[in-house]
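Peer 1: Residue numbers for the sequence shown, in this note's numbering: 1 to 262. Using N, Cα and C, we set each Cβ at its ideal position, and we do this for glycine too. As the structure is a computational prediction, the values presented were derived from the model and not from experiment. Please read through the structure below; I'll follow up with questions.
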Amino acid sequence: MRYSVLASGSTGNSFFIGTEEIRLLVDVGLTTKRIEGLIREIGEDPTQLNGILITHEHVDHIRGLSVLARRYELPIYSNQATWQAIRKSVKDLDDRHVQIFETGERHQLGDLVVESFGISHDAAEPMGFTFAHQGKKLSYVTDLGYVSEKIKENIFNSDVLVMEANHDVELLRMGRYPWNLKRRILGDSGHLSNEACADALIDVIGSATRQVYLAHLSKENNMIDLANMTVRQILGEAGIDVESKVQINDTHPEKPTALDQL
Ligand SMILES: [Zn+2]
Ligand SMILES: [Zn+2]
Numbered sequence: 001m002r003y004s005v006l007a008s009g010s011t012g013n014s015f016f017i018g019t020e021e022i023r024l025l026v027d028v029g030l031t032t033k034r035i036e037g038l039i040r041e042i043g044e045d046p047t048q049l050n051g052i053l054i055t056h057e058h059v060d061h062i063r064g065l066s067v068l069a070r071r072y073e074l075p076i077y078s079n080q081a082t083w084q085a086i087r088k089s090v091k092d093l094d095d096r097h098v099q100i101f102e103t104g105e106r107h108q109l110g111d112l113v114v115e116s117f118g119i120s121h122d123a124a125e126p127m128g129f130t131f132a133h134q135g136k137k138l139s140y141v142t143d144l145g146y147v148s149e150k151i152k153e154n155i156f157n158s159d160v161l162v163m164e165a166n167h168d169v170e171l172l173r174m175g176r177y178p179w180n181l182k183r184r185i186l187g188d189s190g191h192l193s194n195e196a197c198a199d200a201l202i203d204v205i206g207s208a209t210r211q212v213y214l215a216h217l218s219k220e221n222n223m224i225d226l227a228n229m230t231v232r233q234i235l236g237e238a239g240i241d242v243e244s245k246v247q248i249n250d251t252h253p254e255k256p257t258a259l260d261q262l
């Protein structure tokens, strides 16, 4: 399986995962043109895509959905509640475009086993995903207020973890966001802080884990170096070898991570 975080952050999210048989995107929160460019940048071909998985209906996850799904005739994999929310805001999609993928279900898509799980976020019914192929496992989880024990079970000992590190709590508290928005972000249905991300990683990193990607960083309330340093420090203090065993990787709002193979 090969993968790249094409873009990540509150301005737009998209993730590519491919095998011999299938090529999927998780979320398409940028314009179609931008996403097509990012896919070519990692050496893949947008005309070879086979489907789009949706975590939830916020615009930074579905901005390119309508055009991309129709242009390449791609099935959209979404749970029913998220699909209804999408249909309210995106008029030119209809039920022909969707393949319902309910929370907690496991589906074989080509030679990839995809499993969804529920997460806590202020959307209709948000999900995270795990992908399994040839004994390897990759987990993708962003946009969540906290990491439940159930989520930890799902993503435990993944070879690759793409995990939200949205904000630094102090930067957010001192920043210029209105109080209501700060409270929303900090709440159980908001976003994971750098510290909360690291605390969860301590519990889910296992002997197989090699790569962690810090995702969905806030432009206003975080910095790449700060997120990376905070996570490294907390994991290091917990005895996890972040110098050689587990790599902590950055993601970017506008450029893809190098296509990696596992
Ligand atoms: Zn988001
Ligand atoms: Zn969201």
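#1: Bridge partners for F131 per DSSP, in chain order?
#2: Going by DSSP, name the residue or residues bridged to Q261.
#3: Counting only the same chain and skipping the five closest in sequence on each side, list residues whose C-beta sits under 6 Å from that of N166.
#4: Nearest to N50 by alpha carbon, out of G145, Q99, I42?
#5: Measuring alpha carbon to alpha carbon, tell me which of G110, E125, A227 ends up nearest I17.
#6: Applying the criterion that 16 or more other CB atoms from any shown protein chain within 10 Å of the CB defines a buried residue, is M174 buried or exposed?
#7: So, helix, strand or coil for R210, using DSSP?
#8: Is H58 near ligand 2 - that is, is its Cβ less than 6 Å away from at least one heavy atom of it?
#9: In whole angstroms, what separates the C-alpha of T31 from that of V204?
#10: Run through DSSP, which three-state label would S89 get?
#11: Should D27 be listed as close to ligand 2, given that the test is whether its C-beta is under 6 Å from any heavy atom?
#12: Can you tell me the Cα-Cα spacing of T206 and W179, whole angstroms?
#13: For D95, name the three-state secondary structure that DSSP assigns.
#14: With hydrogens ignored, establish whether the beta-carbon of D241 is closer than 6 Å to any heavy atom of ligand 1.
Peer 2: Reading from the atomic positions:
#1: Among the bridge pairs identified by DSSP, F131 is matched with V114, L138.
#2: R2
#3: Contacts found: H191, L192, H216, S218.
#4: Q99
#5: G110
#6: exposed
#7: The answer is coil: DSSP assigns R210 none of H, G, I, E or B.
#8: Taking non-hydrogen atoms of ligand 2 into account, the C-beta of H58 is found less than 6 Å away from one of them.
#9: 33 Å
#10: Residue state for S89 is assigned as helix, using DSSP reduced to three classes.
#11: no
#12: Rather than Thr, the amino acid found at residue 206 in this sequence is Gly. G206 and W179: Cα-Cα distance of roughly 38 Å.
#13: helix
#14: no
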